[in-house]
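In this note's numbering, the protein residues as written are 653 to 735. A virtual CB, placed ideally from N, CA and C, is assigned to each residue, including glycine. What follows is a single structure, written as structure tokens, with notes after it.
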């Protein structure tokens with residue numbers, strides 16, 4: 653099972669009280685489930701967050717397989733830009 657790093661930004665950082673955590677998980681869903689189990693307040697934040705792996709949106713969603721040393725970023729939603 654690969655070791656990955658989950659990076660928390662904005663509200664996700666507030667919910668967890670930290671900027672990152674390392675854990676072992678096979679899939680994106682597994683990594684986020686573990687993070688929510690450790691930091692229960694994170695679950696509400698994830699509903700309105702973007703999640704990227706190594707700087708890109710995961711192509712297969714929550715079932716995306718993880719590799720050793722992947723970085724998962726929990727980012728705030730995009731807003732604004734209206735004219």
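Original post:
Out of 696, 714, 725 and 713, which has the shortest C-alpha to C-alpha gap to residue 707?
Top reply: Taking the chain shown and counting its residues from 1, one reaches residue 707 at position 55. Just measuring C-alpha positions, the residue of 696, 714, 725 and 713 sitting nearest residue 707 is 725.
**OP:** With residue 697 as the anchor, note down where its alpha helix (DSSP H) starts and where it stops.
**Re:** Looking up residue 697 in the chain shown gives position 45. Per DSSP, residue 697 belongs to the alpha helix (DSSP H) from 694-698.
Subject >> Pick from 723, 682, 673 and 698 that is closest to residue 729, judged by C-alpha positions >> reply: As a working mapping, residue 729 is identified with position 77 in the chain shown. Measuring from the Cα of residue 729, the nearest candidate turns out to be 698.
**OP:** Please go through the same chain and pick out, in chain order, the residues whose beta-carbon is closer than 6 angstroms to the beta-carbon of residue 673, but skip the five residues on each side of it.
**Re:** The sequence position of residue 673 within the chain shown is 21, counting from 1. Excluding sequence neighbours, residue 673 sits near 658.
Subject >> Cβ-based burial, residue 668 [other Cβ within 10 Å; buried from 16] >> reply: Position 16 of the chain shown holds residue 668. Counting the other Cβ atoms within 10 Å of the Cβ of residue 668 gives 16 or more, which makes it buried.
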